[in-house]
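What follows is one structure encoded as structure tokens, with my remarks underneath.
Residue numbers (my numbering): -16 to 165.
Printed below as a string of structure tokens:
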């Protein structure tokens, strides 16, 4: 249990760091400066490629187990999981706007800025709700057999950015620079 919930909490901590970078770039762009679109697109790729493809499915498997063990306590958790779709759609919309901007479709800077900042704010709120309601419920209700079954169902996906694997090199360097105050 501790390993999976610990992984989810670590993912949230890492997501917060990436959202800080995203908001920093959005603020620069809002101020009329050049934003680092490689960083922005790297963050988007990470959210799509790891959080949407591994983190959220892990949460979904935990919820499936919770539904059998504590069906009367599922309303708040179900609401949080529906937010996954909303967040995925918001991220898609931001990525689509960035693609349009790159092919020089006319749009105000504020649309990009509002999309990035809105996504970051919504994602932070979502994570706070999971940490306040979902994680404690899962820790309290699920037993060792549940956690083992969930672990068995999940593939050996590793975090491509924070796990030290190939890819995301530019984003990794930017995070290290931000962590050291640069």
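Note that beta-carbon positions come from the ideal geometry of N, C-alpha and C, so glycine has one too.
Do you know how far the Cα of residue j is from the Cα of residue i?
{"i": "residue 9", "j": "residue 17", "result": "10 Å"}
{"i": "residue 57", "j": "residue 46", "result": "8 Å"}
{"i": "residue 2", "j": "residue 132", "result": "32 Å"}
{"i": "residue 81", "j": "residue 96", "result": "10 Å"}
{"i": "residue 48", "j": "residue 113", "result": "16 Å"}
{"i": "residue 144", "j": "residue 89", "result": "33 Å"}
{"i": "residue 142", "j": "residue -9", "result": "11 Å"}
{"i": "residue -5", "j": "residue -14", "result": "14 Å"}
{"i": "residue 94", "j": "residue 107", "result": "20 Å"}
{"i": "residue 124", "j": "residue 136", "result": "19 Å"}
{"i": "residue 37", "j": "residue 28", "result": "13 Å"}
{"i": "residue 83", "j": "residue 119", "result": "41 Å"}
{"i": "residue 126", "j": "residue 31", "result": "30 Å"}
Helix, strand or coil: which one does DSSP assign to residue i?
{"i": "residue 126", "result": "coil"}
{"i": "residue 75", "result": "helix"}
{"i": "residue 89", "result": "coil"}
{"i": "residue 13", "result": "helix"}
Cβ of residue i within 8 Å of Cβ of residue j?
{"i": "residue 42", "j": "residue 64", "result": "yes"}
{"i": "residue 116", "j": "residue 59", "result": "yes"}
{"i": "residue 151", "j": "residue 51", "result": "no"}
{"i": "residue 4", "j": "residue 158", "result": "yes"}
{"i": "residue 102", "j": "residue 73", "result": "yes"}
Among the options, which one has its Cα closest to the Cα of residue i?
{"i": "residue 15", "options": "163, 160 and 91", "result": "91"}
{"i": "residue 23", "options": "154, 13 and 164", "result": "154"}
{"i": "residue 161", "options": "109, 33, -11 and 7", "result": "7"}
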